[in-house]
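Residue numbers (our numbering): 3 to 382.
Note that CB positions come from ideal geometry on N, CA and C, so glycine has one too.
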């Protein structure tokens, strides 16, 4: 057996006997080196702090309130205490307690007198951790800890029920560049002494030639709102006012329709001429039936020409329909674009009417494709 395996086996044995195998003691404890191994003993300097923390939580104070208390008392965070041995912060130390870190700390089973070791080894399953109860003196009983957990959970659930997540106004629109699937919209709730709010953002991953070349594509909803509003304002300035733009679009539509109507009229006249030729050809054949093959050949040529011209008329009619539909779409788009100028935050309806796709790159650059293009293509 090599040295590393011997060390691992020794550590597992020590942990299974309730001895501490870590390098640094948890906050609130000291290392007591005994004959058979290292035990944790309560640190008398930190003990009053943790006793107060657990007392406040037991009577129902929130993690945020307790965090505020620790910072108001200028108590050093665990890493600072380990570095300096001082219970309070140095004047030069700006590190403060965070509610998330305090919550993670008090959830550790070590404060209930238990040791859960080897869990930092990412290659191990939970069943391979070494758990030992009554390993050292506890700060809090398991029963009191469960009550604290229940109160924290109740408070969290009441906040979730009170704050309903806003609907995704960008549903179906936001994609990471080069990806065909939508970016995922996520929400993080921030709560501290000064504010309490939800932070919405879109995220996805893009990959290089090998899977390890993974990059995160990310943009906040607020940033996206700002970019799109600025872009729409720029587009409105480029196009001009609604009062001047709509008549221009109407004139353009009418000019296009006139062109196709002229073509249809010309084609219809040609068909009448060909139909007249066909009648004359039949009349001539009726008088001299000896040239039947010539008649049939000329007749088929004329019928083929009529068929071709009829198809061209159909294409013109299709183009007319498309022009009218496009004009209607442009008018609707321009009116919604004008409506967006007075909005602080665009509604989901406006976004979906105005925008076909939003592509976000790794550097947070955004490319917008409008549902309607008037005198331009994609605009960054």
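Bridge partners - residue i, DSSP secondary structure assignment
i: residue 119; result: 132
i: residue 22; result: Paired residue(s): none; residue 22 is not in a bridge.
i: residue 310; result: Residue 310 pairs with nothing; no bridge assigned.
i: residue 90; result: 77
Alpha-carbon to alpha-carbon, residue j and residue i
i: residue 125; j: residue 374; result: 53 Å
i: residue 20; j: residue 30; result: 18 Å
i: residue 76; j: residue 91; result: 6 Å
i: residue 109; j: residue 211; result: 42 Å
i: residue 204; j: residue 358; result: 17 Å
i: residue 355; j: residue 235; result: 16 Å
i: residue 135; j: residue 146; result: 16 Å
i: residue 369; j: residue 361; result: 5 Å
i: residue 190; j: residue 198; result: 11 Å
i: residue 44; j: residue 171; result: 53 Å
i: residue 270; j: residue 316; result: 11 Å
i: residue 324; j: residue 333; result: 14 Å
i: residue 340; j: residue 326; result: 21 Å
i: residue 302; j: residue 295; result: 11 Å
i: residue 328; j: residue 167; result: 37 Å
i: residue 40; j: residue 34; result: 6 Å
i: residue 246; j: residue 240; result: 12 Å
i: residue 97; j: residue 47; result: 20 Å
i: residue 157; j: residue 186; result: 27 Å
i: residue 306; j: residue 261; result: 25 Å
i: residue 182; j: residue 188; result: 19 Å
i: residue 348; j: residue 231; result: 8 Å
i: residue 78; j: residue 173; result: 45 Å
i: residue 148; j: residue 116; result: 14 Å
i: residue 27; j: residue 226; result: 46 Å
i: residue 127; j: residue 64; result: 33 Å
i: residue 68; j: residue 18; result: 34 Å
i: residue 365; j: residue 220; result: 9 Å
i: residue 37; j: residue 24; result: 17 Å
i: residue 353; j: residue 223; result: 13 Å
i: residue 142; j: residue 49; result: 12 Å
i: residue 304; j: residue 275; result: 10 Å
i: residue 311; j: residue 320; result: 14 Å
i: residue 290; j: residue 263; result: 41 Å
N- and C-terminal bounds of the alpha helix (DSSP H) containing residue i
i: residue 282; result: 244-289
i: residue 83; result: 80-86
i: residue 208; result: Careful: residue 208 lies outside any alpha helix (DSSP H), inside the beta strand (DSSP E) at 198-209.
i: residue 105; result: 101-108
Continuous beta strand (DSSP E) stretch holding residue i: start and end
i: residue 56; result: Segment 49-60 is the alpha helix (DSSP H) holding residue 56; no beta strand (DSSP E) there.
i: residue 217; result: 216-222
i: residue 42; result: 40-44
Three-state secondary structure assigned by DSSP to residue i
i: residue 173; result: coil
i: residue 190; result: strand
i: residue 375; result: coil
i: residue 34; result: strand
i: residue 77; result: strand
i: residue 180; result: coil
i: residue 168; result: coil
i: residue 96; result: coil
i: residue 111; result: helix
i: residue 384; result: Only positions 3 to 382 of the chain appear in the structure, and residue 384 is not among them; the question remains open.
i: residue 140; result: coil
i: residue 152; result: helix
i: residue 63; result: coil
i: residue 126; result: coil
i: residue 71; result: helix
i: residue 238; result: helix
i: residue 163; result: In this prediction, residue 163 has a pLDDT of 46, which is less than 50 and means its spatial position is unreliable; nothing more can be read from the coordinates.
i: residue 297; result: helix
i: residue 29; result: coil
i: residue 382; result: Unreliable positioning characterises residue 382 in this predicted model, as indicated by a pLDDT of 42, which lies under 50. The coordinate reading is nonetheless provided below. Residue 382 falls in the coil class under three-state DSSP.
Residue i Cβ short of 7 Å to the ligand NAD heavy atom set
i: residue 125; result: Looking at this structure, you won't find the ligand NAD or any other ligand, since it has none at all.
* Scan the segment 313-370 and note each continuous alpha helix (DSSP H) run of 4 residues or more that stays entirely inside, going in chain order. => 350-356
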